[in-house]
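Residue numbers (this note's numbering): 9 to 250. One structure is given here, and the rest of the page talks about it.
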Ligand SMILES: C[S@@+](CC[C@H](N)C(=O)[O-])C[C@H]1O[C@@H](n2cnc3c(N)ncnc32)[C@H](O)[C@@H]1O
């Protein structure tokens, strides 16, 4: 049976308690967050800018981005309210407006053309309809906005063993896309691929970056739209049940 959103949500509800202490923080999540921040340096709009982190988990990446770029307005979206709830203190301790919202990558609760940058790290293999998620991300990007997506690199024999055999054995029918598949997904969504990098190490990962064409008309971003839709499903923006 194919992997579903319900299974992903259940899995991360279970995982949320120990998530911040997992060994993967050191082996995979930390290095991949640094890789995204490295790609952002020196290539930012010359004005205050907005970033959405899709599959934001407990907000570790969002807080690292805020440390590196204090001027950014960071939003996060995650399917599992438990993950948002576990990161509540982190979100609240940071200066400025941090906004975790519960929602699904395939139906992002944000207005078209809302963000300068969308990031997605170590979450994409959980999405049952990956082409829909990329199309949604593309929709919420401003003209010229950038998507930086990281997931496990499964094209080498070592990566295949880790992700397609071990991770899939534990997590179920998750799907780590190949480098070629990422390029196809980006192109199909109308993103111009600007970079693809393999990062080695014990848990190798692949970074793919693309940008939305610079000149298409969108309606202006609306914060209210995002907040109103995002607080649905009985959970407020910090994951507290109402
Ligand atoms: C392994 S964690 C990665 C968290 C974070 N991005 C990081 O790098 O530390 C994957 C996250 O993706 C979320 N997720 C899974 N499926 C999702 C979906 N369809 N939409 C949004 N988030 C999803 C999970 O709830 C979980 O918090």
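Just so you know, even glycine gets a beta-carbon here, dropped at the ideal spot from N, CA and C. Keep in mind that this is a model prediction, so the values were computed, not measured.
With a threshold of 6 angstroms (Cβ to nearest heavy atom), would residue 112 be considered close to ligand 1?
yes
Near residue 23, which residues of its chain fall below 6 angstroms by C-beta distance, leaving aside the five closest residues on each side in sequence?
none
At the level of alpha carbons, what is the spacing between residue 75 and residue 108?
17 angstroms
So is the beta-carbon of residue 160 under 6 angstroms away from any non-hydrogen atom of ligand 1?
no
Per the DSSP calculation, residue 203 is bridged to which residue(s)?
217
Pop quiz: residue 113 and residue 69 are said to be a contact at Cβ under 8 angstroms. What is the actual Cβ separation, rounded to whole angstroms?
The Cβ separation is near 15 angstroms, so there is no contact.
If we ignore side chains and look at the alpha-carbon of each, how far apart do residue 91 and residue 206 end up?
28 angstroms
Report whether the distance from the Cβ of residue 91 to the nearest heavy atom of ligand 1 is below 6 angstroms.
yes
Could you give the first and the last residue of the continuous alpha helix (DSSP H) run that contains residue 13?
13-23
If we ignore side chains and look at the alpha-carbon of each, how far apart do residue 48 and residue 42 end up?
10 angstroms
Would you mind working out which of 26, 136, 161, 88 sits nearest residue 188, comparing C-alpha positions?
161
Contact belief for residue 193 with residue 144 at Cβ below 8 angstroms, rounded distance in angstroms:
Not really, about 12 angstroms apart at Cβ, beyond 8 angstroms.
Report yes if the CB atom of residue 98 is closer than 7 angstroms to the CB atom of residue 131, and no otherwise.
no
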